[in-house]
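Input: a single structure, listed below in structure tokens.
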Amino acid sequence: MNTRSVVIGCGHYLPSRIVENSEFEATLDTNDEWIRSRSGIERRHFAADHENTSQMATAAAQAALDDAGLGADDVDAIILATSTPDLTFPSAATMVQAQLGMTRGFAFDVQAVCAGFVFALANANALILSGQVSRVLVIGSETFSRIMDWTDRSTCVLFGDGAGAVLLEAQTGEGTAQDRGILSTDLNSDGRHRELLYVDGGTSTGTVGYLRMQGNQVFRHAVGKLAATATTAMERAGVTAGDVDWIVPHQANIRIIQGTANKLNLPMSQVVVTVQDHGNTSAASIPLALSVGRDRGQIKQDDLLVMEAIGGGLAWGAVVLRW
Numbered sequence: 012m013n014t015r016s017v018v019i020g021c022g023h024y025l026p027s028r029i030v031e032n033s034e035f036e037a038t039l040d041t042n043d044e045w046i047r048s049r050s051g052i053e054r055r056h057f058a059a060d061h062e063n064t065s066q067m068a069t070a071a072a073q074a075a076l077d078d079a080g081l082g083a084d085d086v087d088a089i090i091l092a093t094s095t096p097d098l099t100f101p102s103a104a105t106m107v108q109a110q111l112g113m114t115r116g117f118a119f120d121v122q123a124v125c126a127g128f129v130f131a132l133a134n135a136n137a138l139i140l141s142g143q144v145s146r147v148l149v150i151g152s153e154t155f156s157r158i159m160d161w162t163d164r165s166t167c168v169l170f171g172d173g174a175g176a177v178l179l180e181a182q183t184g185e186g187t188a189q190d191r192g193i194l195s196t197d198l199n200s201d202g203r204h205r206e207l208l209y210v211d212g213g214t215s216t217g218t219v220g221y222l223r224m225q226g227n228q229v230f231r232h233a234v235g236k237l238a239a240t241a242t243t244a245m246e247r248a249g250v251t252a253g254d255v256d257w258i259v260p261h262q263a264n265i266r267i268i269q270g271t272a273n274k275l276n277l278p279m280s281q282v283v284v285t286v287q288d289h290g291n292t293s294a295a296s297i298p299l300a301l302s303v304g305r306d307r308g309q310i311k312q313d314d315l316l317v318m319e320a321i322g323g324g325l326a327w328g329a330v331v332l333r334w
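Counting from 12, one number per residue, gives the positions in the sequence shown under my numbering.
Here is the structure:
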């Protein structure tokens, strides 16, 4: 018998303000057709002035707890993937812990940009397999609207805000690919590509900074690296593309999503796509897609999912999970 990290609840939160592509036409040399054709994005959500990363994360986490029928003190740990924490420190995860009323366990942030949720899942899985915890809230939450250069049409139209969460629980499986839960993970990074996607602020500048991206270069790396990490994760899980029910990719760009699916020889009908409504929400994009995909009736219990993401670092990885 093997221990598995099984999803027993999921949820998400999106700010109420919806920003259609047409809103950018007043301030930028762009239009709806230009944005759609290059990214697949039609709209995104922006946080209100009073909303921040930890608050959105808390709302998504509470939704996941409600979905599981459990309370905050039934959880042993919180791992929050974010690149836009409320403050430099303490971690946004500890703020979520307080806002949930959780008085036990521990909480910490993971920073791997758009790959953050995959890295957080891998860390949560390792904690469960080690026996240190039994239940972990894994959250992705971002307010990327706060680090946009609103004069740069190549980046500011691509990103949005939101949060998603899953609750993992240690359960016993047979040790086969038919088990529910996380079947494998694969994590990678290559710091030589720092200049392709970064924020030009921090302790070295004394500023928050703005997101900077070489979009064409990121695209060139993305499809190959995403297909490779997904393939490695499937091999580790003992499954093939033919066994997969859904790809749940990082929602960065529809062309990257289509290119990766094509390399994996899977049709777009088996890909959960939310980029048109959310834009790129970085570490929040996969948990948002999981929750929305479940609510749509796409993702069902026992479905085999492959999640893959790439972000600044460059950092990339994949998780194979049976829902």
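Beta carbons are placed, not taken as given, at the ideal position from N, Cα and C, and that holds for glycine. For clarity, every value in this text was computed on a predicted model and none was experimentally measured.
DSSP assignment within the region 176 to 226 yields the following whole beta strand (DSSP E) runs of 3 residues or more, N-terminal first: 192 to 200, 208 to 210 and 222 to 224. For D172, the secondary structure class from DSSP, reduced to helix, strand or coil, is strand. Two segments are said to touch when three or more pairs of C-beta atoms, one from each, lie closer than 8 Å; by this definition the region 30 to 42 touches the region 50 to 59.
Pairing A123 with F130 gives a Cβ-Cβ distance under 8 Å. Taking 8 Å as the cut-off, the beta carbon of A75 is found closer than this to the beta carbon of L148.
Taking a C-beta distance under 8 Å as the contact criterion, T285 and A295 do not qualify as a contact pair. Remark: C-beta atoms of G290 and L179 do not approach each other more closely than 8 Å.
When the five nearest sequence neighbours on each side are left out, the beta carbons in the same chain lying within less than 7 Å of the beta carbon of Q287 are those of G51, I52 and E53, in order along the chain.
Taking 8 Å as the cut-off, the beta carbon of G175 is found closer than this to the beta carbon of S302.
E44: member of the alpha helix (DSSP H) spanning D43 to S50, first to last residue.
Contact between the region 81 to 99 and the region 261 to 268 is absent: fewer than 3 CB-CB pairs across the two stretches fall below 8 Å.
Positions of the beta strand (DSSP E) runs, each at least 3 residues long and wholly inside the region 34 to 116, are given as 54 to 57 and 88 to 92 in order along the chain.
For N134, no pairing in a beta bridge is given by DSSP.
Within its own chain, the residues whose Cβ lies closer than 8 Å to the Cβ of S145, once the five positions on either side in sequence are excluded, are D87, I139, E180 and A181, listed in chain order. For R307, the enclosing alpha helix (DSSP H) starts and ends at S296 to R307. According to DSSP, residue pairing for H23 in a beta bridge involves G175.
DSSP, read as helix, strand or coil, puts R333 in strand. In this structure, the straight-line span from the alpha carbon of V234 to that of A109 is close to 39 Å.
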